[in-house]
Amino acid sequence: MTTITKNKAIDLFLENNPNFSTFENLRKSGLEFLEMKGLPHLKEEEYKFTQISKKIEQNVSSFKSAIKTELTAENVKSNLFEGFDGDVVVFNNGHFDAELSSISAQNYSFLKLSETQPDLLGQIAKNEKDPFAALNSLTFEDGVHISVEKGKKVEKPIFLIHFNKANEGQIINSRILIEIAENAEVTFIENTVSLDEEVYFSNAVVEVKVNQNAHGYYYRLQNENRKAISANNFATDIHRDATFTSVATQLQGDMLRNNLTLNLLDSGCVGNMYGLYLLNGKTHVDNHTNVDHTKPHCDSNELYKGILADSSRGVFNGKIFVRQDAQKTNAFQQNNNILMSEDAIVNTKPQLEIWADDVKCSHGCTTGQLDEEALFYLQARGIGKEHAKGLLLYAFAGEVFEHIAYEPFKEYCIQLVQERLGSSF
Amino acid sequence: MLKIKNLHASIEGTPILKGINLEVKPGEVHAIMGPNGSGKSTLASVLAGREEYEVTEGEVSFKGKDLLELSPEDRAREGVFLAFQYPVEIPGVSSTNFLRTAVNQVREYRGLEALDAVKFLSIMKEKMKLVEIDQKLLSRSLNEGFSGGEKKRNEIFQMAMLEPTLSILDETDSGLDIDALRIVSNGVNQLKSSENATIVVTHYQRLLDYIVPDFVHVLYNGKIVKSGTKELALELEEKGYDWIKEEADAASV
Numbered sequence: 007m008t009t010i011t012k013n014k015a016i017d018l019f020l021e022n023n024p025n026f027s028t029f030e031n032l033r034k035s036g037l038e039f040l041e042m043k044g045l046p047h048l049k050e051e052e053y054k055f056t057q058i059s060k061k062i063e064q065n066v067s068s069f070k071s072a073i074k075t076e077l078t079a080e081n082v083k084s085n086l087f088e089g090f091d092g093d094v095v096v097f098n099n100g101h102f103d104a105e106l107s108s109i110s111a112q113n114y115s116f117l118k119l120s121e122t123q124p125d126l127l128g129q130i131a132k133n134e135k136d137p138f139a140a141l142n143s144l145t146f147e148d149g150v151h152i153s154v155e156k157g158k159k160v161e162k163p164i165f166l167i168h169f170n171k172a173n174e175g176q177i178i179n180s181r182i183l184i185e186i187a188e189n190a191e192v193t194f195i196e197n198t199v200s201l202d203e204e205v206y207f208s209n210a211v212v213e214v215k216v217n218q219n220a221h222g223y224y225y226r227l228q229n230e231n232r233k234a235i236s237a238n239n240f241a242t243d244i245h246r247d248a249t250f251t252s253v254a255t256q257l258q259g260d261m262l263r264n265n266l267t268l269n270l271l272d273s274g275c276v277g278n279m280y281g282l283y284l285l286n287g288k289t290h291v292d293n294h295t296n297v298d299h300t301k302p303h304c305d306s307n308e309l310y311k312g313i314l315a316d317s318s319r320g321v322f323n324g325k326i327f328v329r330q331d332a333q334k335t336n337a338f339q340q341n342n343n344i345l346m347s348e349d350a351i352v353n354t355k356p357q358l359e360i361w362a363d364d365v366k367c368s369h370g371c372t373t374g375q376l377d378e379e380a381l382f383y384l385q386a387r388g389i390g391k392e393h394a395k396g397l398l399l400y401a402f403a404g405e406v407f408e409h410i411a412y413e414p415f416k417e418y419c420i421q422l423v424q425e426r427l428g429s430s431f
Numbered sequence: 002m003l004k005i006k007n008l009h010a011s012i013e014g015t016p017i018l019k020g021i022n023l024e025v026k027p028g029e030v031h032a033i034m035g036p037n038g039s040g041k042s043t044l045a046s047v048l049a050g051r052e053e054y055e056v057t058e059g060e061v062s063f064k065g066k067d068l069l070e071l072s073p074e075d076r077a078r079e080g081v082f083l084a085f086q087y088p089v090e091i092p093g094v095s096s097t098n099f100l101r102t103a104v105n106q107v108r109e110y111r112g113l114e115a116l117d118a119v120k121f122l123s124i125m126k127e128k129m130k131l132v133e134i135d136q137k138l139l140s141r142s143l144n145e146g147f148s149g150g151e152k153k154r155n156e157i158f159q160m161a162m163l164e165p166t167l168s169i170l171d172e173t174d175s176g177l178d179i180d181a182l183r184i185v186s187n188g189v190n191q192l193k194s195s196e197n198a199t200i201v202v203t204h205y206q207r208l209l210d211y212i213v214p215d216f217v218h219v220l221y222n223g224k225i226v227k228s229g230t231k232e233l234a235l236e237l238e239e240k241g242y243d244w245i246k247e248e249a250d251a252a253s254v
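Protein sequence lines, in the order shown, are assigned to chains A and B. Under this note's numbering, the first residue of the first sequence carries the number 7, and numbering increases by one thereafter. Under this note's numbering, the first residue of the second sequence carries the number 2, and numbering increases by one thereafter.
#1: Among A:LEU268, A:LEU201 and A:LYS54, which one has its Cα closest to the Cα of TYR224 of chain A?
#2: Is DSSP giving THR166 of chain B helix, strand or coil here?
#3: Just by C-beta distance, which residues in the region 401-422 of chain A are closer than 9 Å to chain B?
#4: How about GLY270 of chain B and THR166 of chain B: are their beta carbons less than 9 Å apart?
#5: What did DSSP end up calling PHE85 of chain B once you bin it into helix, strand or coil?
#6: Which residue wins for smallest C-alpha separation from LEU266 of chain A, given the options A:GLN385, A:GLU30, A:VAL214 and A:SER108?
#7: Where does ILE91 of chain B land, buried or exposed, given buried means 16+ other C-beta within 10 angstroms?
#8: Could you list which residues in chain A have their beta carbon closer than 8 Å to that of THR102 of chain B, in chain order?
#9: Going along the chain, which unbroken runs of the alpha helix (DSSP H) with 4 or more residues stay wholly within the region 154-216 of chain B?
#10: Under a CB-based cut-off of 9 Å, is LEU163 of chain B close to chain A?
#11: Would you call GLN260 of chain A buried or exposed, if buried means 16 or more other Cβ atoms sit within 10 Å of its Cβ?
#12: Measure from the C-beta of GLN424 of chain A to each C-beta in chain B and report whether the shortest distance is under 9 Å.
#13: Report yes if the CB atom of GLY324 of chain A is closer than 9 Å to the CB atom of HIS290 of chain A, and no otherwise.
#14: In chain order, what residues of the same chain lie with their CB nearer than 7 Å to the CB of ILE62 of chain A, ignoring the 5 residues before and after it?
#15: So for SER46 of chain B, helix, strand or coil by DSSP?
#16: Would you check if the distance between the CB atom of ALA241 of chain A and the CB atom of ILE326 of chain A is smaller than 9 Å?
#17: Can at least three beta-carbon pairs, one atom from the region 118-133 of chain B and one from the region 173-192 of chain B, be found at a separation below 8 Å?
#18: By Cβ distance below 8 Å, which residues in the same chain neighbour PRO36 of chain B in space, the five residues on each side in sequence not counted?
#19: Quick check on ASP377 of chain A - is its C-beta less than 9 Å from some C-beta in chain B?
#20: If you measure from the beta carbon of GLU74 of chain B to each beta carbon in chain A, is any gap under 9 Å?
#21: CB ASP316 of chain A to CB LEU282 of chain A, shorter than 9 Å?
#22: What separation, rounded to the nearest whole angstrom, lies between the Cα atoms of GLN191 of chain B and ILE212 of chain B?
#23: So with Cβ pairs under 9 Å, would you call TYR383 of chain A a contact of chain B?
#24: Could you name the residues of chain B that ALA386 of chain A contacts, counting a contact when the two beta carbons are closer than 7 Å?
#25: Around the C-beta of MET7 of chain A, are 16 or more other C-beta atoms found within 10 angstroms, so that it is buried, or is it exposed?
#26: Would you report the Cα separation of LEU358 of chain A and ASN264 of chain A, rounded to the nearest angstrom?
#27: Where DSSP assigns a beta bridge to THR198 of chain A, which residues make up the other side?
#28: Quick one: is VAL212 of chain A buried, meaning 16 or more other Cβ sit within 10 Å of its Cβ, or exposed?
#29: Please list, in chain order, all residues of the same chain as ALA210 of chain A whose beta carbon is under 6 Å from its beta carbon, the five residues on each side excluded.
#30: Apart from the five residues on each side of it in sequence, which residues of its chain come closer than 7 Å, Cβ to Cβ, to LEU106 of chain A?
#31: Run through chain B and tell me which residues come within less than 7 Å of ALA380 of chain A, C-beta to C-beta.
#32: Return yes when the Cβ of LEU201 of chain A is within less than 9 Å of the Cβ of THR75 of chain A, no when it is not.
#33: On a CA-only basis, which of A:LEU32, A:GLY175 and A:PHE29 is nearest ASN65 of chain A? Give me that one, please.
#34: Is VAL205 of chain A helix, strand or coil by DSSP?
#35: Which residues does DSSP pair with PRO454 of chain A in a beta bridge?
Structure follows, in structure tokens:
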């Protein structure tokens with residue numbers, strides 16, 4: 007290897023570079039970027055609270071990509087939530103599993119990336135924006151390309167479900183490209199299921215293009231095993247009068263890093279980002295969000311909430327750019343955290359860069375403990391302390407789920423959170 | 002029903018209650034009055050079990066049980082109700098869900114069956130009339146955006162739902178206009194019976210025109226320095242607290 011060593015992890019990845027012959031340009035630019043920059047090192051600003059390269063070096067022993075694992079229809083069925091009715095796209099260690107998927111392709115087309123060879127790939131989540139996006143460009147074998155037809159609504163949600171279990175390789179790569187044509191509408195649900203309790207590193211890239219006046223809804227759940235390390239680059243280009251809403255919930259993992267980018271590229275766009283991280287044990291979750299207002303009359307709304315118990319850690323970084331052209335922008339951002347233990351940590355950083363002068367932007371973040379006065383009030387009415395805590399925490403967290411429009415998934419998230427909060431009400 | 006003996010309590014090391022003695026029997030209404038900072042609200046908080054206060058001496062028995070040993074929720078389940086001076090706003094918790102949870106946890110403790118949704122709603126509707134509270138208010142988050150008067154009415158409504166044996170009204174009248182005061186007092190009076198008792202903590206004699214006390218106690222500097230009948234309240238209204246302070250200060254020298 008003739009690479010300039012930035013850290014050990016990148017060398018190990020490059021030694022195991024599968025050197026696929028497809029997507030030549032994308033892979034080449036990914037390699038160039040990684041050879042120059044490496045993976046994030048200790049002092050890198052964007053990763054200073056999330057030492058993911060170190061985490062990978064210390065925990066991953068095989069830098070080969072995982073091959074498909076044994077997976078049954080029963081595995082899939084048992085991970086569908088109550089009331090779900092829609093198409094299911096199954097990923098087996100990051101590889102699309104056609105046999106276990108059920109794809110009606112009603113009002114949309116579904117193909118492998120190798121079949122469509124889209125030029126768009128890597129244009130939304132660009133290699134040079136994040137080393138893990140670049141790494142994914144190098145190591146993903148194939149991915150899926152979903153295109154919703156012009157003017158059509160995909161009536162039932164499309165459920166993307168990942169089953170992860172390391173084998174001789176511990177690296178799991180997945181790549182998804184979604185195009186929503188003009189005036190179309192679609193809802194995605196994405197979940198990751200760990201099939202055992204062992205270490206893996208999953209590195210995912212999802213790119214979404216929302217064309218003029220189209221609507222996309224994307225609900226993501228991350229509830230992985232306690233050794234799971236994961237980097238996710240999710241980027242969306244939103245065109246004129248289009249709307250995109252992301253609701254992300256993180257419940258468990260070892261270290262999860264999510265980069266979520268919304269590019270508002272023309273007038274009349276709306277971008278919404280909602281998130282809940284409810285963490286315990288040693289789970290470390292880092293949400294880096296980025297919304298870029300480039301044209302006038304666009305709105306963005308962001309609300310991330312965190313509840314952190316034990317020695318868990320949450321990182322929130324919310325960038326909002328309002329370019330000079332983007333007059334009449336409305337951009338709102340809020341991050342609120344409750345720390346349930348003295349060992350839990352939150353690092354929160356709003357980052358607003360505003361060059362336009364006629365805009366409404368606001369941001370706020372709070373970190374505190376559970377409101378003792380509210381707790382006492384509930385107890386004084388005969389509600390047991392633990393139950394009262396659950397009630398208050400759920401009241402705090404539940405606001406995020408108000409933004410999930412697909413009822414069965416909303417109910418499922420509520421159920422998971424209430425189970426975690428140890429209360430039923 | 003309630004026996005307080007030589008109760009001392011402090012907050013962050015500062016003594017606030019310095020030897021309270023009080024006995025309340027079923028069917029009685031006791032008013033506790035006194036100047037600001039005399040310890041009135043502290044007494045109410047200690048009885049309800051607020052954790053910031055440390056009881057340093059004395060005892061409190063309620064229906065024969067050691068009240069101070071019980072958690073705040075168990076005190077409520079035993080039948081103690083504190084109407085808060087400043088009811089807490091709790092966004093995201095609906096008033097109705099909250100009350101149903103509370104009522105059913107209290108019932109469970111008392112060995113009663115949980116109320117189903119239909120039964121609960123019909124009881125709720127009946128009790129709502131007592132304090133003229135609007136259904137719309139109860140479909141909102143608990144106390145969120147309620148006016149001062151609405152919050153206080155909601156306290157008395159909760160009291161009606163929980164059917165306590167001892168109600169402690171902590172300055173429930175403060176800040177209320179005459180109409181709201183009338184509605185709140187009317188609610189309290191209708192809930193009165195020979196089985197239950199009420200402690201009214203207030204700054205103003207005005208409330209006692211509506212809720213007529215059997216006994217009036219004046220709290221000053223952490224002690225009850227004078228007890229009497231409702232005439233004492235009138236005397237206080239007329240003469241203020243200075244003469245009581247002087248008497249008490251003279252006695253303690």
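Every residue, glycine too, gets a C-beta built ideally from N, C-alpha and C. These numbers come from a predicted model, not from an experiment.
To lay it out plainly:
#1: For the purposes of this step, residue 224 of chain A is taken as the residue at position 218 of the first sequence. Ranking A:LEU268, A:LEU201 and A:LYS54 by Cα distance to TYR224 of chain A puts A:LEU268 first.
#2: Here residue 166 of chain B corresponds to residue number 165 of the second sequence, with the count starting at 1. Note: THR166 of chain B maps to coil in three-state DSSP.
#3: ALA401, PHE402, ALA403, GLY404 and GLU405
#4: What the structure shows of chain B is the stretch from 2 to 254, and residue 270 of chain B is not part of that stretch, so it cannot be assessed.
#5: Translated into positions along the second sequence, residue 85 of chain B becomes position 84. Note: PHE85 of chain B maps to coil in three-state DSSP.
#6: Counted from its first residue, the first sequence places residue 266 of chain A at position 260. Measuring from the Cα of LEU266 of chain A, the nearest candidate turns out to be A:VAL214.
#7: In the second sequence, the residue the question calls residue 91 of chain B occupies position 90. Buried: at least 16 other Cβ atoms inside 10 Å.
#8: In the second sequence, the residue the question calls residue 102 of chain B occupies position 101. Per Cβ cutoff of 8 Å: ILE389, HIS393, LEU397 and PHE431.
#9: 179-192
#10: As a position in the second sequence, residue 163 of chain B is number 162, starting the count at 1. Interface residue, yes.
#11: Here residue 260 of chain A corresponds to residue number 254 of the first sequence, with the count starting at 1. Note that residue 260 of chain A is Asp in the sequence shown here, rather than Gln. The residue in question, ASP260 of chain A, is buried, as its Cβ has 16 or more Cβ neighbours within 10 Å.
#12: Along the first sequence, read from residue 1 onward, the residue named residue 424 of chain A stands at position 418. Not an interface residue.
#13: Taking the first residue of the first sequence as 1, we reach residue 324 of chain A at position 318. Taking the first residue of the first sequence as 1, we reach residue 290 of chain A at position 284. No, the Cβ-Cβ distance between GLY324 of chain A and HIS290 of chain A is not below 9 Å.
#14: Locating residue 62 of chain A in the first sequence gives position 56, counting from the first residue. ALA15, PHE207 and ILE235.
#15: Walking along the second sequence from the start, residue 46 of chain B turns up at place 45. Helix, per DSSP.
#16: Mapped onto the first sequence, residue 241 of chain A falls at position 235. Mapped onto the first sequence, residue 326 of chain A falls at position 320. Not closer than 9 Å, so no.
#17: yes
#18: For the purposes of this step, residue 36 of chain B is taken as the residue at position 35 of the second sequence. TYR221, TYR242 and LYS246.
#19: Here residue 377 of chain A refers to the residue found at position 371 when the first sequence is read from its first residue. Yes, ASP377 of chain A lies at the interface with chain B (some Cβ there is under 9 Å from its Cβ).
#20: Translated into positions along the second sequence, residue 74 of chain B becomes position 73. At least one chain A Cβ lies under 9 Å of GLU74 of chain B.
#21: Numbered from 1 along the first sequence, position 310 holds the residue referred to as residue 316 of chain A. Numbered from 1 along the first sequence, position 276 holds the residue referred to as residue 282 of chain A. No. Outside cutoff.
#22: Position 190 of the second sequence, counting from 1, holds the residue named residue 191 of chain B. Position 211 of the second sequence, counting from 1, holds the residue named residue 212 of chain B. When rounded, the distance between both Cα atoms is 10 Å.
#23: Position 377 of the first sequence, counted from the start, is the residue given in the question as residue 383 of chain A. Chain B, which has a Cβ nearer than 9 Å to the Cβ of TYR383 of chain A, makes this yes.
#24: As a position in the first sequence, residue 386 of chain A is number 380, starting the count at 1. Per Cβ cutoff of 7 Å: ALA49, PRO73, ALA77 and LEU83.
#25: For this step, residue 7 of chain A is matched to residue 1 along the first sequence. Because MET7 of chain A sits at a pLDDT of 43, beneath the cut-off of 50, its placement in the model cannot be relied upon, and the following sentence gives the value as read from the coordinates. Exposed, since its Cβ has fewer than 16 Cβ neighbours within 10 Å.
#26: Here residue 358 of chain A refers to the residue found at position 352 of the first sequence. Here residue 264 of chain A refers to the residue found at position 258 of the first sequence. LEU358 of chain A and ASN264 of chain A: Cα-Cα distance of roughly 19 Å.
#27: Counted from its first residue, the first sequence places residue 198 of chain A at position 192. Its beta-bridge partners are A:HIS168 and A:GLN228.
#28: Along the first sequence, one-based indexing puts residue 212 of chain A at 206. Buried, by the Cβ-count rule.
#29: Taking the first residue of the first sequence as 1, we reach residue 210 of chain A at position 204. Taken in chain order, the residues that qualify are SER180 and ASN238.
#30: For the purposes of this step, residue 106 of chain A is taken as residue 100 along the first sequence, with counting starting at 1. The answer, listed in chain order, is LEU77, ALA79, VAL82 and VAL96.
#31: Here residue 380 of chain A refers to the residue found at position 374 of the first sequence. Under the 7 Å cutoff, chain B gives VAL89 and ILE91.
#32: By one-based count along the first sequence, residue 75 of chain A stands at place 69. By one-based count along the first sequence, residue 201 of chain A stands at place 195. Cβ atoms of THR75 of chain A and LEU201 of chain A: closer than 9 Å.
#33: In the first sequence, counting from the first residue as 1, residue 65 of chain A sits at position 59. Per the Cα distances, A:GLY175.
#34: Here residue 205 of chain A is taken as the residue at index 199 of the first sequence, counted from 1. Reduced to three states, the DSSP call for VAL205 of chain A is coil.
#35: With chain A covering only 7 through 431, there is no way to say anything about residue 454 of chain A.
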